[in-house]
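Student:
Residue numbers (the UniProt record's numbering), protein chains in the order written: chain A, 1 to 275; chain B, 1 to 275; chain C, 1 to 275; chain D, 1 to 275.
Okay, structure coming up:
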């Protein structure tokens, strides 16, 4: 499958400053990037986890960014039936940091809850599926119900949130159960209304497997932008100086291939791992 | 200067599990490491930021780790008088993540406070010195006053904490002012009583500069073990399974050279940057 | 039934100060109160809700309080089958304040959770029973797991607590559902080990009905000391000045009558209302 | 001085429910109250602390309340120079509950901070003045910066708030220093823009003394509506059922006498105590 993803963002700079954008598809191809005013000379930075655009804004005024890319979606189906959990001692130590609590995922506070709710499930994939289902059943998707300070623990109490909050809670439960987990932002096919989306990935038997507790978009229609510990690492935009966002338009469309949408469902044993 | 640093740690394993230790000097030399029982075959992992020991514990029982190393202390004095702040747009993008809030350093909640208290100081080194002095003046060093869930915001309200809390608050204020900052654990010469210590490093004009708001040990007597976003990344030990710590003995002694102790003081313009 | 309840409390005063004790049975009879040193002249204060002893401690030293009373247990069984909920507009306005959130019972944060978990139950007694059962099933009774700052929202996340935390959560859920609720401290027959105990009362169809989500002591063996919005109002002791508690011994024994222990159980429609 | 105070409130009821209003002047005279639709038969409730209107809303639709009153302002100036603090043991025990922490005033968390900032001031009036001044200096008055969950501890960290938050912080500091304190809502002369206002009262040497850390309205132009532990007790309106506020208009004007505005200032020793 091939997707055409695009985003147009507008900012108002009251004074000079810097925009750090995190909107490029991690494996984007045929990319187009138009920044206005054209005098802005941006810096392009690529890591394993993200592709940042650093834009120094020298003069006050409006800044507009228009990005599009064609992305070939590449992932594997991994069957976890019969796979046993990987002990922490056999993990690649570079993965261990995805067990640490982070700003929005206070896994250290959730060990008892995670253990009581999900501790008895042996198969790790089923365990994370159960987490995903629990969140889907207990948390109401409600635009505007949370803000940039809302944490996984807040979401448990409030029982409402948006994709970001669903992902944070999934990550926090996983880490509390000694399963590495990370946040993943991206473009999502068939998400309505179109917007940037967030999921989480759990590290199971050597694969990063994608989970989406919102069930609002198919797992196999995701185009990844960035991975990180939580939303703090993958913000669409970090603003330095008096610069304010004014509008965002996001789109994702299938341009070749057909897609048979896959969602997290109980009793499945097959996960999706993006390459 | 050369330091001999050492630590002896004891754990009780009620069941098989894994210990991940973060106790080796980052630039240790002449290292000795004795683990008992000797049947434990550990994995050694080195990154830019830390050196992990991953110990699978196969049988219940006592585990003891005895480590020592001789470390040549290497750092530079950087004079910041007259240096202007580095704009975010000129930072190496790999450094940007040290501007993100983390588990214990909710810099996103502290922008107004940091700006009101320290925002008017132009020189960035002086700004971080002022942060360090504020913490020193306002927070009481009180063993046992905090726990593993205590955050920078908690410390502002409680006005008490230990080295870890002092460092978290320093980091949070720096990030709230768009200054990258990270946590640093290590051995500390002349710290009484001897224990693992924690400081923070701020990224100023291209250098990671060490700050210690506790003023309990000289900045130039620090032997770094690990750097990370906060204490979540640099724990002396992460325990997986029913394994419990029973004792820790830590030591650091000067074995060659003389040291003229340096502490953070107002009106200084010289910082210490470890290599 | 008649109970003999007693408590012995010891305090160490490092300097002069004041002790405010809240240990007398609300309907105590045949009371004995011995305070040492005998020079302390206490003030006795009685309200509808509690009976305070205010003890000025003039000299440093040990203070011991020894209290006992014989209490005739008086309560009614109220059958709620078929009773409809009382609308807020028909409540005695003096009761309305038990709908307000308080220090440990942030009912304002729990409206969605309470509504989703219990909102569909029509009968109000069954609603509070369901709350009680939910707490009993989800929260682990674990001595020492919480402290004087722990709130109802914390307990939801931690899933552990002591009687005080069980009561706070019950109260918070009730208020979130527009059911007045208050905290109740007392002596509890058949509680093991013996200690002061806490329950909560919900105001249903004109009666304050007792609930105990810990199920650790029979509802009909409770001797009430104080009622209030939460533990902040009913502390066994408030200490002013450098005075520290050193020991507490509590006891409750049945001295006449027989008791057929009653606990909160699902499918019951009968509640206990103390006079 | 005589004030004419008035308020017009509009609500939209999507379904039947109950409004509990707390808008009447505590010592109102010549009162006018018009409620539409006129079919609503309200209940009037008066306590020492407030005067509630309980309005059952039987049918969906718009509800409007129009209130006005003429109030003779009655208060005394109390000179605290030379007055010593009243020990807790000499307080009327009925006042003790104003020492307890409450929903928005977690005084239990602020004992160290309050003691370090204000503990050395002997005169209690000066102590509360210093609290008031500290809040005025440190907290920015910023409409919309807080919400119904914001607590005194949040305000310390955020350094911004509205009158309600200023009052909560003042109350929390007082209680942390063993000074009884309560929240006070009312009409405020010369407040711009006109709105309901909030102050706090501290209990000093037998008098409830008014303090206003916002300094936005004169202390001697306040017409009290309600007192309580914090905003939870004195809400302008508590809504039960799907009823939503649509507009509020508030006014206060001087109709007889002249007023020489009094604000809290350092170095004053005279407080205002409303009768």
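Think of the CB as a built atom: it goes at the ideal place given N, C-alpha and C, for glycine as much as any other residue.
What residues from chain D crowd round residue 67 of chain C, counting only those whose CB sits closer than 9 Å?
Tutor: Per Cβ cutoff of 9 Å: no residues; residue 67 of chain C is ~17 Å from chain D at best.
Student: Starting from the beta carbon of residue 33 of chain B, find every residue of chain D whose beta carbon is closer than 9 Å, and list them in chain order.
Tutor: Under the 9 Å cutoff, chain D gives no residues; its nearest Cβ is about 42 Å from residue 33 of chain B.
Student: Kindly list the residues whose CB is nearer than 6 Å to the CB of residue 124 of chain D, restricted to its own chain and excluding five residues on each side of it in sequence; keep chain order.
Tutor: 85, 204
Student: Which residues, in order along the region 168-193 of chain A, keep a beta-carbon less than 9 Å from a beta-carbon of chain C?
Tutor: Answer in chain order: no residues at all.
Student: Within this structure, are the beta carbons of residue 219 of chain C and residue 179 of chain C separated by less than 7 Å?
Tutor: no
Student: Which of the three DSSP states, helix, strand or coil, is assigned to residue 154 of chain D?
Tutor: helix
Student: With 7 Å set as the bound, which would you pick, yes or no: does the beta-carbon of residue 103 of chain C sit closer than that to a beta-carbon of chain A?
Tutor: no
Student: State whether the region 71-88 of chain A contacts the region 46-62 of chain A, with contact taken as three or more CB pairs (one from each stretch) at a distance under 8 Å.
Tutor: no
Student: Which of the three DSSP states is assigned to residue 58 of chain B in this structure?
Tutor: coil
Student: Does the region 147-154 of chain D come close enough to the region 191-207 of chain D to have 3 or more Cβ pairs within less than 8 Å?
Tutor: no
Student: Hey, residue 214 of chain B and residue 226 of chain B are a contact pair by Cβ (cut 8 Å); roughly how many whole angstroms apart?
Tutor: Going by Cβ atoms, the distance from residue 214 of chain B to residue 226 of chain B rounds to 18 Å, so no, they are not a contact pair.
Student: Would you list the residues sitting across from residue 8 of chain D in a DSSP beta bridge?
Tutor: D/66, D/249
Student: Could you tell me which residues DSSP pairs with residue 147 of chain A in its beta bridges?
Tutor: Its beta-bridge partners do not exist; DSSP assigns none.
Student: Identify the residues that DSSP records as bridge partners of residue 197 of chain C: which are they?
Tutor: C/186
Student: So, at 6 Å on beta carbons, what are the nonlocal neighbours of residue 50 of chain A in its own chain, with the 5 sequence-adjacent residues on each side left out?
Tutor: 22, 226, listed in sequence order.
Student: Can you tell me which of the three DSSP states residue 13 of chain B falls into?
Tutor: strand
Student: Under 7 Å, do residue 276 of chain B and residue 211 of chain B count as touching if we go by C-beta distance?
Tutor: In the structure as shown, chain B begins at 1 and stops at 275. Residue 276 of chain B is therefore absent and cannot be evaluated.
Student: Assuming residue 79 of chain B contacts residue 270 of chain B under a Cβ cut-off of 8 Å, what Cβ separation, rounded to an integer in Å, is found between them?
Tutor: Sure, about 5 Å apart at Cβ, within 8 Å.
Student: Against chain C, with Cβ distances strictly below 7 Å, would residue 50 of chain D count as a contact?
Tutor: no
Student: Please list, in chain order, all residues of the same chain as residue 65 of chain A whose beta carbon is under 6 Å from its beta carbon, the five residues on each side excluded.
Tutor: The beta carbon of residue 65 of chain A sits closer than 6 Å to those of 9, 35, all from its chain and outside the five residues before and after it, given in chain order.
Student: Along chain A, in chain order, which residues have C-beta atoms closer than 8 Å to that of residue 159 of chain C?
Tutor: 112, 113, 116
Student: Can residue 257 of chain C and residue 1 of chain C be called in contact, C-beta distance under 7 Å?
Tutor: yes
Student: Residues of chain A with CB closer than 7 Å to the CB of residue 156 of chain C, please, in chain order.
Tutor: 156, 157
Student: Can you give the Cα-Cα distance for residue 242 of chain D and residue 37 of chain D, rounded to whole angstroms?
Tutor: 17 Å
Student: With the cut-off set at 7 Å, would you say residue 223 of chain B and residue 7 of chain B are in Cβ contact?
Tutor: no
Student: Give the interface partners of residue 153 of chain A over in chain C, defined as CB-CB distance under 7 Å, in chain order.
Tutor: 157
Student: For the region 62-90 of chain D, which residues have a beta carbon sitting closer than 9 Å to at least one beta carbon of chain C?
Tutor: For the region 62-90 of chain D, which is checked against every Cβ of chain C, the residues closer than 9 Å are 87, 88, 89, 90.
Student: Contact check, residue 173 of chain A vs residue 114 of chain A under 8 Å by CB: the rounded distance?
Tutor: Yes, they are in contact, since the Cβ atoms of residue 173 of chain A and residue 114 of chain A sit about 5 Å apart, within 8 Å.
Student: Helix or strand or just coil, what does DSSP make of residue 120 of chain A?
Tutor: coil
Student: Taking buried to mean at least 16 other C-beta atoms within 10 Å of its own C-beta, is residue 137 of chain A buried or exposed?
Tutor: Exposed, since its Cβ has fewer than 16 Cβ neighbours within 10 Å.
Student: What residues match up with residue 72 of chain C in a beta bridge as DSSP calls it?
Tutor: C/2
Student: Tell me the rounded alpha-carbon separation between residue 97 of chain C and residue 170 of chain C.
Tutor: 16 Å
Student: Going by Cα to Cα distance, which pick from B/122, B/24, B/159 is closest to residue 111 of chain D?
Tutor: B/159
Student: For residue 244 of chain D, which of D/4, D/3, D/17 has the nearest alpha-carbon?
Tutor: D/17
Student: Taking only beta carbons into account, state which residues of the region 2-34 of chain B come closer than 7 Å to chain A, listed in chain order.
Tutor: 18, 20
Student: In chain A, which residues lie less than 8 Å from residue 109 of chain C when you measure between Cβ atoms?
Tutor: 157, 158
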